[in-house]
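There are 4 protein chains.
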Amino acid sequence: MVINYTEVEVRYKETDQMGVVHHSNYLVWFEIGRTNFIKQIGLNYAEMESGNVVSPVIDAQLSYKKPARYGETVTINTWLDDYDGVRTTYGYSVKNEHDQLLVTGTTVHVVVSKDSFKPVLLRKHHPDWHGIYTSLINEGQ
Amino acid sequence: MVINYTEVEVRYKETDQMGVVHHSNYLVWFEIGRTNFIKQIGLNYAEMESGNVVSPVIDAQLSYKKPARYGETVTINTWLDDYDGVRTTYGYSVKNEHDQLLVTGTTVHVVVSKDSFKPVLLRKHHPDWHGIYTSLINEGQ
Amino acid sequence: MVINYTEVEVRYKETDQMGVVHHSNYLVWFEIGRTNFIKQIGLNYAEMESGNVVSPVIDAQLSYKKPARYGETVTINTWLDDYDGVRTTYGYSVKNEHDQLLVTGTTVHVVVSKDSFKPVLLRKHHPDWHGIYTSLINEGQ
Amino acid sequence: MVINYTEVEVRYKETDQMGVVHHSNYLVWFEIGRTNFIKQIGLNYAEMESGNVVSPVIDAQLSYKKPARYGETVTINTWLDDYDGVRTTYGYSVKNEHDQLLVTGTTVHVVVSKDSFKPVLLRKHHPDWHGIYTSLINEGQ
C-alpha cells in the first residue's frame, strides 16, 4: 500500500490555552498529508484547480488519542482508503517522535466544478487521476 | 430539548481559495456553539478551566452538505446529545439565512486534569455540571 | 468622524499556550472591523469582489498594549485614516469591556484586478467608493 | 550576521478567496522563523516557557510586496535586528523560489512572567539568553 509520510513541526500558533495543539488543526495536517500523497503518486492538486475543478470534503472523522505539543515534530501518515469513481476516501494517522499514535481519521471527497459546485466525473475530466486511483485501490485489495 | 442558537458572520479569513469557508472552521464554530450552550444552561467553561481542569475533544464527526460563503450569516445549533458520566457528546447543525442545512456534526469530550491530562470525574470535581448534564439527558428521554 | 464599533467574543481557538489571544488574530479582527465599517458607510466588499477586483493589504502595523483572553468580549473601533485615490488607510483600536486599550494598528490597502493583481483605479472602476471615501476624508479634515 | 533560513510549503488552509495567502499568516511564518533562529543560536523557546516566562509581541510591522500562493515553497529569513536588554527586535523577509521578495517585517518582544504578564529581566532570569543576544548585537555592529 502506498503511504505518504510527512513531517510537520508543531507551530506555536497551533496551540491553544489548553497547552496542546487545537483539535481543528489536525484537519489542516490531514490536508498537508493529502497534498503530499497526491504528489507522491504523480499528480498535482494545484493543477487540478487551475482546470476550474475543486475537491471539497463531504465527510470527516477524527479520533484523538493523545495531544501534540509545541516543540514536537509529528509525522502524518496518509493513504488512499477507498475510491468508487465518485467518492475518494483518505485515511490518516498522526504520530509523534516516539511513534505514539496521536490522532487517526478519514476524509471523504468529491470533485465539483469551482463555479457551480456541481459534481464532475473524474473519469471524464481527469482520466489520469481516475486511472491512478482505480489501480491503487485494485492493488490494495 | 435545550438548543443553543448562535449566529456567526462568516469572516474573510475563514474562506480559502475554493471561494468557500475552509472545512476546518466548522470545528471552531462548533466550539463557539458549545461555549454558548454551556452558558445557556447556567455553567461557564472559562471558570472550569480556572480550576485546572480542561475538556478536550476525543472524537469528532462532520458531514458537509453545502458550503458557507463570505457575506453570509450562519446559525450554529448546539444541543447535548449524550452524557454517561464520563463522556459528553454534543450535536451540531449549521444553517444559512435561508434555513438550508450546511453542516452537521458531533464532538465527544472528556474532562481531564490540565497538567497530567489524566481523567477527572465530573461527579466528584464538578457536581453542579454533573447534575445539570444528567438532568438534561433524562429530560430529553 | 465615522467610527464603526464591532463587538467580538474571544474564541477559544484564538488563544495560544501563552493563555492569551495569539497576536496574529488582531489582523483578523481588524478585517472584521473593516468589513463592518464599509457596510456602515453604505458599501459592500463582497460585491466589489464579485466585480473581479480585490483589495489586498500592502502594509500593516500593530502595537500590543494588553492581551485579550478567552471569556472576554472586545470592541474593535475602525475608522478611515487616509485615502489618496490609490491607497486607503484604516485605523483600529481594540478595547476590552473595561474600556482598556488592548491593541492599536493601521492597515494600508490598494485595489487590484483579481486575476493579474495589477492596480485598478477606484475613481474609474468604483466611482461610488471613490466619492464616499473622498468625502469622508474631506469631512474629517 | 546570523540569519536563519526556514522553508515553508504554502498550506491550502493559508489561502483565502482572494486566491493568495491571507496576510495574517505572515505573522505565523515570522514566528516559525523566530523559533528556528533561536534554535540556531543554541537556545530553546519551549524550554524558556517551561520556566513560567513568556515572550509576547509588543509591536509588529509588515510590508507586503507580492502574494504567496498555494503550490509554492517560500523561505523565511530571520535575524536579530536589535536588543537593548529589555526589548528584542527580529527582522524578517519572505522570498519565493525565484528569490522574489514577498514580505518584509519586524516584531518587537519583551519577556514577562506567564502568570502576571509583568516584565522579567532576561539578564537576571536567563543570563545565557542575555549573553548570546548581547554578543550577537555587538558582533553585528
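Chains as they are written, first to last, in the working numbering: chain G, 9 to 149; chain U, 9 to 149; chain R, 9 to 149; chain B, 9 to 149. Positions of the beta carbon are idealized from the N, C-alpha and C atoms, including for glycine. All values derive from a computational prediction rather than experimental measurement.
- Restricting attention to G/K21, G/F125 and G/D67, the CA atom closest to the CA of R/N33 is found in G/K21.
- Under the three-state reduction of DSSP, U/K103 is assigned to strand.
- Collapsing the DSSP output to three states places R/V36 in a helix.
- Taking U/F45 as reference, the option from U/N85, U/D24 and U/S58 with the minimal CA-CA separation is U/N85.
- Here DSSP, grouped into helix, strand and coil, assigns B/E17 to strand.
- Apart from sequence neighbours up to five positions away, the residues of its chain that approach B/E105 with a beta-carbon distance below 7 Å are E80 and T81, ordered along the chain.
- Around the C-beta of B/R95, fewer than 16 other C-beta atoms lie within 10 Å, and the residue is accordingly described as exposed.
- A buried status is given to B/G113, since no fewer than 16 other beta-carbon atoms sit within 10 Å of its beta-carbon.
- Annotated three-state conformation of U/I66 is strand, per DSSP.
- The beta-carbon distance between R/M26 and B/V61, rounded to whole angstroms, is 10 Å. This is too long to meet the 8 Å contact definition.
- By the Cβ neighbour-count rule, R/V10 is exposed, with fewer than 16 other Cβ atoms within 10 Å of its own.
- For R/K47, no Cβ of chain U is located within less than 8 Å of the residue's own Cβ.
- A direct Cα-Cα distance of roughly 14 Å separates B/Y91 from B/D136.
- Residues of chain R whose Cβ lies closer than 8 Å to the Cβ of B/Y100 do not exist, since the nearest Cβ in that chain is about 13 Å away.
- Counted as a single uninterrupted DSSP element, the alpha helix (DSSP H) harbouring B/G148 occupies residues P135 to G148.
- Along the segment 32 to 64 of chain G, going in chain order, the ones with a CB nearer than 7 Å to a CB of chain U are S32, L35, V36, V62 and P64.
- For the segment 13 to 26 of chain G, the set of residues with a beta-carbon nearer than 7 Å to any beta-carbon of chain U comprises M26, in chain order.
- Exposed is the label assigned to G/N52, since fewer than 16 other Cβ atoms lie within 10 Å of its Cβ.
- For G/R42, the CB contacts under 7 Å within the same chain, skipping 5 residues up- and downstream, are T86 and Y98 in chain order.
- In this structure, DSSP gives B/L129 a state outside helix and strand, which the three-state scheme calls coil.
- Here DSSP, grouped into helix, strand and coil, assigns G/N85 to strand.
- Closest option to R/V36, judged by alpha-carbon separation, among U/R19, U/V36, U/K47 and U/V65: U/R19.
- Below the 7 Å Cβ cutoff, chain B contributes Q25 as neighbours of U/Y78, in chain order.
- In terms of beta-carbon proximity, U/P75 lines the interface with chain G, with at least one pair separated by less than 8 Å.
- A Cβ of chain R is located within less than 8 Å of the beta carbon of B/L70.
- For U/E80, there is no enclosing alpha helix (DSSP H), as DSSP marks it with neither H nor E.
- The beta carbon of U/V128 sits closer than 8 Å to those of V61, V119, V120 and S121, all from its chain and outside the five residues before and after it, given in chain order.
- Less than 8 Å divides the Cβ of B/V65 from the Cβ of R/Y72.
- Per the C-alpha coordinates, the member of B/L109, B/L88 and B/H133 positioned closest to B/S58 is B/H133.
- About 7 Å separates the Cβ atoms of R/L88 and R/I145, confirming a contact at the 8 Å cut-off.
- Under the 10 Å beta carbon count, R/D107 is surrounded by fewer than 16 other beta carbons and is classified as exposed.
- The distance from the Cβ of G/L110 to that of G/V102 is about 5 Å, consistent with a contact at the 8 Å cut-off.
- The beta-carbon separation of R/Q48 and B/Q69, rounded to 28 Å, does not stay under the 8 Å limit for a contact.
- Here the alpha carbons of U/G139 and B/G50 stand approximately 52 Å from one another.
- For G/L110, the enclosing beta strand (DSSP E) starts and ends at L109 to H117.
- A check of alpha carbon separations from U/A54 across R/V28, R/M56, R/T142 and R/E15 identifies R/V28 as the nearest.
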